[in-house]
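Student:
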Amino acid sequence: MNQATETPRPSSSARARTRKATSNGSGNGASTAPEGLEVVEQEEQLLLDVQEKLKRPRDVKRSAIDVDRIILEMERLRSEIPGANEDERPGLLMQFERLGHQLDQHGKAEDADQVDPEKPYFAHMRLKEGRRTRDVFLGRATRLDRGLRIVDWRHAPVSSLFYRYQEGDDYDEEFGGREVEGTVLARRTLTISEGELHRVQSPQGHFVRDDEGWHQIDSLRPKLAGGAGEALKFHTSRTGVAARMGSGKAYKVDKHLPEISALIDPEQFKLITADDAQLVVIRGVAGSGKTTVALHRLAYLNYKHPGEFRANRMMVIVWGKALQRFISKVLPALGVKGVAVRTFAEWSDQIRARLYPFMPTRKADDTPAVVTRFKLHPAMLRILEDYVSKNKGWDTASRAVEDWSHILTSRKLLKRGLKKYAPGAFSDEDLDRILRWTVRQVDLVNEYLQIRSEADDMDAEDVKRVQDEVFLDDEDDPLLLRLWQLRVGPVPYRGTRGKPLRYRHLVIDEAQDLSPLEVRVLMDCTTPERSMTLAGDTQQHVLQEAGFTDWNEFFGHLGVKGTAVSTLRVSYRSTQPIVNFALDCLGTLAEDEAPPTANRDGLPVEVFGFSDHGEASAFLAESLHGLIAEEPNASVALLARTPEQAGLYYQGLQQAALPRLSWVRQQDFAFAPGIEVTDVTQAKGLEFDYVILLDVSADAWPDTPAARRQLHVGATRAAHQLWVIYMGEPSPILPEQNTTTAG
1 MNQATETPRP SSSARARTRK ATSNGSGNGA STAPEGLEVV EQEEQLLLDV
51 QEKLKRPRDV KRSAIDVDRI ILEMERLRSE IPGANEDERP GLLMQFERLG
101 HQLDQHGKAE DADQVDPEKP YFAHMRLKEG RRTRDVFLGR ATRLDRGLRI
151 VDWRHAPVSS LFYRYQEGDD YDEEFGGREV EGTVLARRTL TISEGELHRV
201 QSPQGHFVRD DEGWHQIDSL RPKLAGGAGE ALKFHTSRTG VAARMGSGKA
251 YKVDKHLPEI SALIDPEQFK LITADDAQLV VIRGVAGSGK TTVALHRLAY
301 LNYKHPGEFR ANRMMVIVWG KALQRFISKV LPALGVKGVA VRTFAEWSDQ
351 IRARLYPFMP TRKADDTPAV VTRFKLHPAM LRILEDYVSK NKGWDTASRA
401 VEDWSHILTS RKLLKRGLKK YAPGAFSDED LDRILRWTVR QVDLVNEYLQ
451 IRSEADDMDA EDVKRVQDEV FLDDEDDPLL LRLWQLRVGP VPYRGTRGKP
501 LRYRHLVIDE AQDLSPLEVR VLMDCTTPER SMTLAGDTQQ HVLQEAGFTD
551 WNEFFGHLGV KGTAVSTLRV SYRSTQPIVN FALDCLGTLA EDEAPPTANR
601 DGLPVEVFGF SDHGEASAFL AESLHGLIAE EPNASVALLA RTPEQAGLYY
651 QGLQQAALPR LSWVRQQDFA FAPGIEVTDV TQAKGLEFDY VILLDVSADA
701 WPDTPAARRQ LHVGATRAAH QLWVIYMGEP SPILPEQNTT TAG
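Just so it is clear: in the sequence shown, position 110 is 110 by our numbering, and no numbers are missing.
1) Which stretch, first to last residue, makes up the alpha helix (DSSP H) that contains ASP430?
2) Using the three-state DSSP reduction, which class does TYR726 fall into: helix, strand or coil?
3) Alpha carbon to alpha carbon, how far is ASP769 from ILE282?
4) Between which two residues does the alpha helix (DSSP H) carrying SER623 extend?
5) Using the Cα positions of PHE344 and VAL316, report the straight-line distance between them to the nearest angstrom.
6) For the pair the stretch 499-510 and the stretch 298-310, tell me if three or more CB-CB distances fall below 8 Å.
7) Short check: CB of LEU624 to CB of LEU658, under 8 Å?
8) So, do the stretch 598-608 and the stretch 637-656 have three or more beta carbon pairs nearer to each other than 8 Å?
9) So is TRP394 buried or exposed if we call it buried at 16+ other beta carbons inside 10 Å?
10) DSSP three-state label for ARG76, please.
11) Let me know the alpha helix (DSSP H) ranges lying completely inside the stretch 326-394, each 4 residues or longer, listed in chain order.
12) State buried or exposed for PRO357, treating a residue as buried only when at least 16 other CB atoms are found within 10 Å of its CB.
13) Tell me the rounded alpha-carbon separation between VAL293 and TRP551.
14) Give the C-beta separation of VAL39 and SER202 to the nearest angstrom, bearing in mind that I take them to be a contact with Cβ-Cβ under 8 Å.
15) Using DSSP with H/G/I as helix, E/B as strand and the rest coil, what is LYS415?
16) Give me the Cα-Cα distance between SER571 and THR549, rounded to the nearest whole angstrom.
17) Just the C-alpha distance for MET125 and VAL200, rounded to the nearest angstrom, thanks.
18) Quick one: what's got a C-beta closer than 8 Å to GLY246's C-beta in the same chain, skipping five residues either side?
19) Buried or exposed: ALA333, going by 16 or more other Cβ atoms within 10 Å of its Cβ?
20) Below 8 Å on the Cβ atoms is my guess for VAL115 versus ARG143; work out the distance and round it to an integer in Å.
21) Could you tell me the alpha carbon to alpha carbon distance between LEU638 and PRO732, rounded to whole angstroms?
22) Apart from the five residues on each side of it in sequence, which residues of its chain come closer than 6 Å, Cβ to Cβ, to GLY714?
23) Throw me the rounded Cβ distance for the ALA719 and SER611 pair, which I believe falls under 8 Å.
24) Can you tell me where the alpha helix (DSSP H) holding LEU185 begins and where it ends?
25) Residues in its own chain within less than 7 Å of ALA400 by CB, not counting five upstream and five downstream?
26) Is it buried or exposed for ALA683, if we count other Cβ within 10 angstroms and need 16 for buried?
27) Name the DSSP bridge partner or partners of LYS128?
28) Could you tell me whether the Cβ of ARG411 comes closer than 8 Å to any Cβ of chain D?
29) Please give me, in chain order, every unbroken run of the alpha helix (DSSP H) with length at least 4 that falls completely inside the stretch 505-564.
30) Flag this pair as yes or no: are the beta carbons of PRO368 and ARG433 separated by less than 8 Å?
31) Going by CA-CA distance only, name the one from GLU622, GLN667, GLY417 and PRO673 that's closest to GLN654.
32) Is it a yes or a no for the stretch 419-436 touching the stretch 368-380, going by three-plus beta-carbon pairs under 8 Å?
33) Please classify ASP744 as buried or exposed, where buried requires at least 16 other C-beta atoms within 10 Å of its C-beta.
34) Confirm, please, whether the CB-CB distance from VAL664 to THR678 is below 8 Å.
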């Protein structure tokens with residue numbers, strides 16, 4: 001296993017096959033660079049060699065470690081640790097952990113049948129250490145017998161070299177207590193499917209095989225792209241032409257995209273492999289892959305400690321149903337099945353209904369914004385805690401409802417609490433409006449509860465009347481859950497009593513749009529280690545009534561001190577012109593001293609002014625017809641600030657008979673080629689090839705922090721090209737250099 005692996009010389013038939021395929025290729029920047037041919041030939045022959053070795057019987061020789069002895073020693077330590085002195089206990093724990101690690105390694109090494117011959121690996125490194133040269137392949141399983149050196153990227157220490165170093169770099173690392181020095185002679189990302197090599201990506205070139213043969217294409221190295229990593233696309237550069245969207249060759253459908261795990265950069269890898277039991281906060285600029293990193297971290301923990309981080313003991317909280325559907329498909333592809341993926345509203349509604357089965361279930365759909373902001377305000381955390389601590393009582397669900405009723409209807413209590421914890425946040429007029437709503441709400445709930453207790457003696461019509469009128473707000477769910485935690489105790493795993501619900505790891509995506517109250521409820525449903533991954537960017541905060549815009553204040557509300565925020569600063573989704581435009585839209589709200597960067601250039605952002613919606617719709621219809629004709633597989637989003645504006649443009653474009661045109665109102669995105677009209681909030685966390693921002697006019701987009709953040713979010717949904725449309729006067733948020741083009 002420690003012997004050097006000789007690089008096989010490609011057979012004459014393999015060389016002839018590769019040369020013939022490449023010479024027959026055409027289109028997409030076909031090239032026959034000799035250096036590139038050598039890379040393809042080497043990888044094809046290496047794949048053949050690996051496949052031949054995988055066919056041979058496994059080496060059934062027992063591992064050098066004595067499994068029985070290790071188990072006995074671990075049992076001895078387990079019994080000895082509780083009674084050990086404090087100064088001896090750390091050493092015994094380290095010894096126990098080391099033995100467990102050896103046992104874990106033994107199991108992984110012996111479980112070699114997991115390597116799939118049809119897709120054995122996704123990356124290849126050639127390493128030189130002293131006089132020894134060896135080839136190491138990265139995949140999803142380990143196989144180290146009979147000359148094979150395939151390692152699981154999530155586990156093998158040597159895999160870190162792939163993520164931390166580039167081809168030609170020297171490295172000096174410590175593996176297993178031994179210092180290792182060497183050079184990365186080759187570093188390549190590969191796509192293998194159905195036992196065949198389809199893509200080779202290396203510093204020497206990017207090569208793709210289709211029905212006509214091998215082609216070298218001009219493309220920058222792809223990276224993790226998008227908030228959810230759902231789109232890994234290849235773009236070619238082109239000189240921009242005004243008033244024309246699309247470049248013809250900009251988007252290429254390719255069913256053999258590189259495996260996403262091969263595209264992780266060093267900073268992302270560091271976050272993914274962070275210490276197990278800790279709160280990890282990933283702040284990433286738009287398109288930096290923070291959501292994808294968070295999901296990979298969950299998968300990494302599940303692989304490293306499958307007994308501790310079981311799938312059914314982890315959960316992902318997402319912004320909306322679109323990401324929920326997508327992530328539910330991504331996690332199984334990362335090797336993790338059975339993880340719950342929920343929106344907070346869905347999760348909290350389900351738990352609240354279980355804990356308070358006697359409460360009404362109907363939710364209001366016209367809650368005033370000031371009431372929503374009040375119920376989710378961070379001050380409510382302290383107000384709830386103060387009230388429960390000063391008013392002792394039975395630890396029952398009924399008493400928690402009494403707490404809720406009293407807190408929401410006591411002007412004196414609320415005024416005192418808001419003055420203490422949120423001075424100036426709500427005016428007296430605001431408090432009047434809040435109490436008019438909450439007092440009526442509590443009265444209805446109390447009447448409903450009274451009717452439930454006397455239902456056998458009441459007229460059926462009276463029962464139905466009250467049931468139809470009774471409502472809760474969505475924001476009452478976290479209030480009632482927090483009061484349960486404060487009054488009754490931990491949320492139970494099932495029913496209303498019994499074992500506490502304790503998630504071993506939580507991922508919270510787009511954390512900046514959850515309130516501290518909601519996050520605190522979730523946090524208290526984890527184990528004491530508080531193993532959580534929060535992914536978010538306060539610059540992309542879009543909810544005016546909830547969420548937070550300052551990480552330090554957020555940590556203070558949660559009672560978490562000194563938590564470091566790791567920032568991803570490179571956008572792999574959008575081009576540099578789009579990143580620059582989005583940053584200018586933020587103005588003074590931009591949080592980083594050094595501006596974010598993109599990994600590729602692109603077409604300039606175009607801004608078009610029109611006199612009315614009809615003129616703008618006609619212009620858009622003509623442009624979109626041309627785009628779809630040239631790029632039928634492109635995804636296009638038309639984003640307005642409000643659902644009403646989106647509907648107006650959708651109706652106008654309907655008359656143009658555009659193919660695959662849809663109006664997205666409930667996050668029912670197709671995740672497929674087509675044209676989707678929606679509002680910015682709906683599209684949060686997603687990405688599209690092309691984005692057109694609608695009606696970015698002075699009246700619709702005033703110069704406010706909320707509007708600036710929303711425009712920033714809308715602009716950064718675009719991967720390839722961004723247009724902006726306005727009527728009359730352009731919004732003052734638009735960068736001046738971008739407002740000179742007229743339609």
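The beta carbon of each residue, even a glycine, is placed where N, CA and C say it ideally should be.
Just so we're clear, the structure is a prediction, and the values are computed from it rather than from any experiment.
Tutor: So, from the data block:
1) 428-453
2) strand
3) As shown, the chain starts at 1 and ends at 743. That puts residue 769 outside it, with no answer to give.
4) 613-630
5) 9 Å
6) yes
7) yes
8) no
9) exposed
10) helix
11) 344-355, 369-375 and 379-390
12) exposed
13) 19 Å
14) 5 Å
15) helix
16) 21 Å
17) 13 Å
18) GLY626, LEU627, GLU630, GLU631, ALA634, TYR690 and GLN721
19) exposed
20) 5 Å
21) 21 Å
22) LEU639, VAL680 and LEU693
23) Contact doesn't hold; Cβ gap of about 31 Å is too wide.
24) Element bounds for LEU185: not the alpha helix (DSSP H) but the beta strand (DSSP E), 178-193.
25) LEU480, LEU483, TRP484, ARG487 and VAL488
26) buried
27) THR133 and THR183
28) This model lacks chain D altogether; it includes just one protein chain.
29) 516-523 and 551-558
30) yes
31) GLU622
32) yes
33) Residue 744 falls outside the range modelled here, since the chain spans only 1 to 743, and no answer is possible.
34) yes
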